[in-house]
Structure formats: structure tokens, C-alpha cells
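What the sequence shown shows, in our numbering, is residues 4 to 101, in sequence order.
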Amino acid sequence: MDSVQFVSTIFGYRFQNPGEFTLQQTVWFLGCGYSSERTITVLEPLEARIRPEGVVCEPPPLNLTVSSKPSADRLYMEHGAEKSRTERFTSPVSIRSR
Numbered sequence: 004m005d006s007v008q009f010v011s012t013i014f015g016y017r018f019q020n021p022g023e024f025t026l027q028q029t030v031w032f033l034g035c036g037y038s039s040e041r042t043i044t045v046l047e048p049l050e051a052r053i054r055p056e057g058v059v060c061e062p063p064p065l066n067l068t069v070s071s072k073p074s075a076d077r078l079y080m081e082h083g084a085e086k087s088r089t090e091r092f093t094s095p096v097s098i099r100s101r
């Protein structure tokens, strides 16, 4: 994609392939152009896995293993009345229920 031009304040685009892309924007205000540029990295689609798969009928405690491709460094969890929290980890990570 070399260029997209819109006369609008709304812009949307979905990248089809992973890679590094440079975004350029020029905004015209009262006859003067203001430009900015930013390079972004689009990652391959996320594949997440939680093991064991399926229905687990065993009583607690239960060990779960969470992994993702590409490797993620954050995990968002919610359990019962507990609020969501973020934990830093290196994929895969094991979680043990109480």
C-alpha cells in the first residue's frame, strides 16, 4: 500500500500481513500542512492455548498451562469476585487454582 487519501477525520485500516510499516499523516489547517510519521510493527495473529483442554471434572487444585504464539508477556485474569489483574510472564506459564 503506497498511499491512502481521505478527506475525513475518520480513518481505519487492517494490515493483512505481519511486518514493519511506516505510517505518514499530513493534516491541513488554515492552509498549512502539519506532518507526522510513525513506524509500527504488526505481529502475526495471536494463537493462545490453555491446557488441559475441554471440561475438567477433577476437584481443586487444578494446574493450567497458558501459552501463546507469538510469546506474550502479559496475562489478564479474572476469577470469581477478584478483579482482573496483569502479571508479567514468559510464555508458557503454569497457574494453580486454590
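Every residue, glycine too, gets a C-beta built ideally from N, C-alpha and C.
What you are looking at is a predicted structure, and each value in this text was computed from that prediction instead of being measured.
From the DSSP output, in three-state form, read off residue 123 for me.
Missing from the structure shown is residue 123; the chain here goes from 4 to 101 and no further.
Just to confirm my understanding: we take residue 25, look at its own chain, exclude 5 residues before and 5 after, and list those with CB closer than 7 Å. What are they?
Indexing the sequence shown from 1 puts residue 25 at position 22. Closer than 7 Å at the Cβ level, and outside the excluded window around residue 25, lie 40 and 42.
Looking at the C-beta of residue 27, does it have a partner C-beta in chain C at a distance below 9 Å?
Here there is only one protein chain, and chain C is not present.
So which of 50, 55 and 28 has the shortest CA-CA distance to residue 65?
What you label residue 65 is simply residue 62 of the sequence shown in a count that begins at 1. Nearest C-alpha to residue 65: 55.
The beta strand (DSSP E) with residue 59 in it runs from where to where?
As a working mapping, residue 59 is identified with position 56 in the sequence shown. Where residue 59 is concerned, there is no enclosing beta strand (DSSP E), given that its DSSP letter is neither H nor E.
Residue 68 to residue 18, Cα distance in whole Å?
Taking the sequence shown and counting its residues from 1, one reaches residue 68 at position 65. Taking the sequence shown and counting its residues from 1, one reaches residue 18 at position 15. In a straight line, the C-alpha of residue 68 is about 30 Å away from that of residue 18.
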